[in-house]
Amino acid sequence: MAPTQSQSEANPICSAENLAGGWSQGEVTPEAQQALDFVLGQMNTAAKLKEILSVRTQVVNGINYAIEFEMDNGEVWNTIVYRSLKGDMEMTQPAQQGRLCP
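Structural data, given as structure tokens:
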């Protein structure tokens, strides 16, 4: 039986390698906060944002933001948002509970 990869090894977002066109560790910029605000506005929850735990970015024809965040009820969520060069946003991975890179 072939060995299986862990989720973090299989998920290119979690890779520590800095590859051209790949994902890299980012900072909580106003643009990343705006991307998360876009997601929070679509979530059906009474909980409020406690903090952004991590941001990873990928430069494409715009920027992809992979964001891990914690709500004030202790739940950890993650999402991916695409921001076009014009500033339009699209949630490419809906918010889901759990760590981005377990």
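For the record, in the sequence shown the residue sitting at position 50 is 50 according to UniProt numbering, with numbers rising by one throughout. Glycine is no exception: its CB is placed at the ideal position from the N, C-alpha and C atoms.
Query, Result
"Per-residue DSSP class, three states only, for Q34", "helix"
"Outcome for V59 when other beta-carbon atoms lying within 10 angstroms are tallied against a minimum of 16", "exposed"
"Three-way DSSP call (helix, strand, coil) for M1 in this model", "Residue placement at M1 is flagged as unreliable, the pLDDT there being 46, under the threshold of 50; the coordinate-derived value follows with that caveat. Here M1 sits in coil by DSSP."
"Closest Cα partner of M91 within the set I80, S84 and Q97", "I80"
"C-beta atoms of N78 and I63 nearer than 8 angstroms", "no"
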